[in-house]
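Structure record follows, encoded as structure tokens.
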Amino acid sequence: PPDVEQLGRATWTFLHTTAAYYPDKPTPKQRANMLSLLHALPILYPCTWCAQDLGESLAVHPPDVRNRTALSLWLCQRHNEVNEKLGKETFDCSKVDERWRDGPAD
Ligand code: FAD
Numbered sequence: 017p018p019d020v021e022q023l024g025r026a027t028w029t030f031l032h033t034t035a036a037y038y039p040d041k042p043t044p045k046q047r048a049n050m051l052s053l054l055h056a057l058p059i060l061y062p063c064t065w066c067a068q069d070l071g072e073s074l075a076v077h078p079p080d081v082r083n084r085t086a087l088s089l090w091l092c093q094r095h096n097e098v099n100e101k102l103g104k105e106t107f108d109c110s111k112v113d114e115r116w117r118d119g120p121a122d
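Everything in the sequence shown is counted per this note's numbering, starting at 17 for the first residue and increasing by one.
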């Protein structure tokens, strides 16, 4: 079976980075593909209990693919749900761009 921690870090890196560079004005095709990507995870993600919980979260909180800011916030909130479940610190979602796009201000 995969290393769930390493897989998780890699997947969050991919998802947060993809959200950070998602367009401010996505085309209908870009929105549809982002929805497909996110809805595929509960079916294909190779950690069955992770996938199960993600599916339940997506059902309650449909992905907000309107624009980059909305998607980044939505994803941050989903990640925080997992953080809470695992007893990890929650992340300040006002800092997603700093973490995943811009880098720290100096
Ligand atoms: P990670 O949680 O992997 O985070 C990586 C980095 O992201 C952090 O160092 C931080 O800089 C940043 N970050 C943290 N929180 C946020 C946030 N809210 N928004 C933006 N950036 C943030 N593991 C399980 O054991 N059980 C599960 O049920 C489970 N479900 C998962 C579901 C999904 C969809 C994914 C992708 C992963 C899941 N994992 C699960 C793995 C788990 O979330 C972690 O990836 C893993 O435990 C490693 O944690 P970490 O402390 O290294 O940091």
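We put the CB at the ideal spot given by N, CA and C, even for glycine.
Which whole-angstrom value describes the C-beta separation of residue i and residue j, a residue pair presumed to lie in contact below a C-beta threshold of 8 Å?
i, j, result
"Leu53", "Tyr61", "Going by Cβ atoms, the distance from Leu53 to Tyr61 rounds to 11 Å, so no, they are not a contact pair."
Rank the options by C-alpha distance to the C-alpha of residue i and give the top, closest one.
i, options, result
"Arg82", "Pro39, Leu31, Ser110, Gln22", "Pro39"
"Met50", "His32, Glu97, Ala67, Gly119", "His32"
"Trp129", "Gln46, Ala56, Leu91, Glu72", "Outside the displayed range of the chain (17 to 122) lies residue 129, so it cannot be described from this structure."
"Pro58", "Ala48, Gln46, Gly119, Glu72", "Glu72"
Please find out if some non-hydrogen atom of ligand 1 comes closer than 7 Å to the beta-carbon of residue i.
i, result
"Tyr61", "yes"
"Val6", "Since the first residue shown for the chain is 17 and the last is 122, residue 6 is missing from the structure and cannot be characterised."
"Lys41", "no"
"Asp69", "yes"
"Thr27", "yes"
What's the C-alpha gap between residue i and residue j?
i, j, result
"Lys104", "Lys41", "33 Å"
Quick one: which unbroken alpha helix (DSSP H) runs of 4-plus residues sit fully inside the stretch 29-63? Chain order, please. Runs of the alpha helix (DSSP H) lying entirely within the stretch 29-63 and spanning at least 4 residues, in chain order: 44-60.
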